[in-house]
Each structure stands twice: as C-alpha cells, then as structure tokens.
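Following: one structure in structure tokens, then a few remarks.
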Amino acid sequence: MFRKKFALSFALAATATSVMAIDHSYQALVKNGLRVDGSIPHGIVLANNQIKIIRLMNISLSPNVAQSISGRLKAILNAPTQLSDLREEKLPAAKNIGMNGEAVLDQGQWGTCATFATTAAINALFPLSGDAQISQLCNLQLSRSLSQDDDQGAWDGSFGYLVLNQINQYGFINKQYQHTVGCGGLKIYPTDDQDNGSAMSVTDFSANSSMSFIPKDWTPIIPNNGTFSPIDSAQAAIALKSVKTAINQGYRIVFGTLIDGSLGGVGAMGQYDNIAGDTWVMTAQIPSDIADGNNIEGHEIIIEGYDDNACATYTDGTTSDKQCGLLRIRNSWSAQAGDQGDYYMSYDYFKGMVIEAYAIGQDVKDHFKPSTK
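Counting in the working numbering, the sequence shown runs from 45 upward without gaps.
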C-alpha cells in the first residue's frame, strides 16, 4: 500500500473499549478545536550533512482556537519565563533522567511520531532492549484494523493518548515476533520504503501480545480527549512545574506539541551547545503565522530532562536573542538528527504550544499527582 495523505483515522474512547471514526467536517473542527489531516513531509539536515525526509502531522485549528493560541503566544513573548519564578518552585535547577539505555529510534518517512514516542517511553520504563523491545510496526498494523475511517490507522498521524489506550486494551508485540513471523506482511519497519504492508487483525495481535503496560502506568498532566482548548498562561506554568516534578520522580513525559513548519529547521530555530537547529524557541513569527491560518503541524516526543539555566540562542528577524530554561527532548528522527538524536525546547515554547502531556512510569497514576498551583 503506497503512502497517501490520510486523515487521522481512529479515536479510542476514554475507557479504551471502543473505536469511533473522526468527523472531518468544518462543524466538527469548530467543536473539537483541532484535528489531524494526514501528515506533511519536511527535509532536515543530519550531522553527516545529508537531507532526511521526515513527516509532521498536518494540524487544522478552528478559527477561535487559532486566535486564542496566537494571543497566548504574544502574551508569553511579552512576559517570558523568569529564573526568579523558577527558583520559587523549590525543585533542582536541572535534572536529566535519560532514556535508560534506549537507543534513538527512527520513524522514517511516516507520520508515526505518536507511536514511536509512546513505545520508546515504555521501552525505557521496563526497560526493554534488543528483540524484547516493542514493535512499532506491529502496533501500527493493528491500528489499521481498528480504523473506521481509512486503512492507514496511525501511520499518518495520531495522538499519544490514542496509542496509550490502544496498548492498554490490546497490549504490545515485541520485535522478536516482528522479525521472525512478521506483522501485516512485513518483518522490517519501512523506514525509507513506501510499502507499509497491510493491517494485522485483532485476533492475531491479541494472541501474541504482552499486557504488561497497564492503565496505572500513565497519567495525564495535560489531557487530550479529542476536544482541544488551549490552556491559559497560569495553567501552562503549572503544567511545566508538573513536568519538572515528574522528571524528579523518575517519570518521562510523552507530549504533543504544535510546530510552525514554515520556519526553517521544522520550526527549531534555536541553537544549544553549538548545534544549529536543535531547539524549539518561541519567536514573534509563530503567533503571526497561527493567526493568519498558515500551515501548523504537530509532533509527539518525549521529555527526559530539563535545565533552568540552559539557554538557546536564535535570530528573530534581524535581532539575535536567547531563551533560557530548556527541556531535553528525545526525538525519533535517528541519532544523526539534532544533538545525537535529542532536541531541546524552551520553557516558553512548551507553555505556548503543548497539546497534551502524559507522565509514564510504573504505577505512576497512584504515585504522582500533577501540580494544581
């Protein structure tokens, strides 16, 4: 099956017991605030100076939501995060828990970031290595059977909560099964191939899956239930504090973010540690592009650390500037991308562009409670 630009094809109910199609009408967009309309290719420059094609989710925002986000971003630019505010949190100034030896993954030329981010976080949790790791291929082929909208499932865009719910309900298959038996007619994930095989039935998947990742192993910091409403600046500051608190308790964060793909470097305009284009920073162009209805995209990634004192430099128009306070991000664009596979994001960017965020860890739902103030 050759890749096409398909819309997000399924949504799991909050109880993870049913699958329903997404309504792509304008009325539904206005009601829900945000939807995914397939994925868009972009080229990034790797450490070896080769161009790699990646895909970001194509995001449609309702007019009201777009104006709300634009206004919030302008407010953030006018009142950026201050180090004095961060010191009041009584948290360490920096913490990096890493990925527990988990190698950087490569989603290739597919819009499968949500599957790669969530499965990488689960791999790091147990931890799983080698052929014991989760097969992204098998989980993606199952998602096609769960789809009621088209036959691509999560291959061309999804959200973290959908993938997490799918794994809770149906489990996951490891790479040993993928490599020996295959899923959907393939034994190797098609990183650079346009043939992504076919669907895998629920019966075949369930007969060979592990149910070791349970609902208690993830909990929302910023929930997404299919209806998107931007959080205000106060809520965003609380969410950032919750993220940092979770990191200090050993929990990684799977999160979705908006990206202004019209900016160079897939929106990563900043530079940290002398690596160009490895940091997402908030610039004046972003709220303008969102308000004007320009293409906005989305990406799902993992927060593995933070540093209040780290600063990224960038150029906004003709002015050189910096933003301090950075999250350390595990991406899925290969170890040749960014800082050996990792990227960074300023606190202000996170506060303005986050869509959803979930803490991942053993029994995290019982042991971690997001901040409320």
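Each residue gets a CB set at the ideal place from its N, CA and C atoms; glycine is no exception.
Only a predicted model underlies this, so the values are computations on that prediction, with no experimental measurement involved.
Residue i to residue j span [Cα, whole Å]
i      : j      : result
CYS355 : GLY369 : 6 Å
THR163 : ASP352 : 28 Å
PHE272 : GLN279 : 14 Å
ILE217 : GLU400 : 25 Å
GLY300 : LYS285 : 17 Å
GLU344 : THR362 : 31 Å
GLY422 : LEU190 : Absent from the model: residue 422. The displayed extent of the chain is 45 to 417, so no value can be given.
CYS157 : ASN183 : 13 Å
ALA65  : LYS134 : Model confidence at ALA65 stands at a pLDDT of 44, short of 50, so the residue's coordinates are unreliable; what they give is reported in the following sentence. The straight-line gap from Cα to Cα measures roughly 45 Å.
THR327 : ILE297 : 24 Å
LEU169 : GLN406 : 7 Å
TYR316 : GLN94  : 21 Å
LEU186 : ASN122 : 46 Å
GLY241 : GLN213 : 23 Å
LEU100 : PRO171 : 28 Å
GLY197 : GLN210 : 12 Å
ASP195 : ALA243 : 8 Å
TYR391 : SER83  : 26 Å
ASN140 : TYR388 : 12 Å
With 16 other Cβ atoms within 10 Å as the buried cut-off, status of residue i
i      : result
LEU127 : exposed
PRO107 : exposed
GLN220 : exposed
ASN167 : buried
ASN269 : exposed
ASP236 : exposed
ILE291 : buried
GLY396 : buried
SER1   : There is simply no residue 1 to check, as the chain begins at 45 and stops at 417 in what is shown.
Residue i (DSSP reduced to helix, strand or coil)
i      : result
ALA65  : Low confidence applies here, because ALA65 scores a pLDDT of 44, under 50, leaving its location unreliable and the question unanswered by this model.
PRO264 : strand
LEU100 : strand
VAL148 : coil
PHE249 : helix
SER390 : strand
ILE84  : strand
SER277 : helix
LYS231 : coil
ASN140 : strand
PHE412 : coil
Any chain D beta carbon closer than 8 Å to residue i
i      : result
GLY369 : Going by chain labels, chain D is absent from the structure shown, which holds only one protein chain.
(message) Quick check on the DSSP output: what are the complete beta strand (DSSP E) runs of length 3 or more inside the stretch 298 to 372, in order along the chain?
(response) 314 to 316, 319 to 324, 340 to 360
(message) For the stretch 301 to 311 against the stretch 323 to 339, do three or more pairs of beta-carbon atoms, one drawn from each stretch, fall closer than 8 Å, so that the two count as touching?
(response) Result yes; three or more Cβ-Cβ pairs closer than 8 Å.
(message) Tell me whether the stretch 199 to 219 and the stretch 172 to 180 touch, counting them as touching only if at least three CB pairs, one residue from each stretch, are closer than 8 Å.
(response) yes
(message) Within 8 Å, do at least three Cβ pairs link the stretch 317 to 325 to the stretch 247 to 265?
(response) no
(message) Quick check on the DSSP output: what are the complete alpha helix (DSSP H) runs of length 4 or more inside the stretch 104 to 131, in order along the chain?
(response) Taken in chain order, the complete alpha helix (DSSP H) segments of 4 or more residues contained in the stretch 104 to 131 are 107 to 122, 127 to 131.
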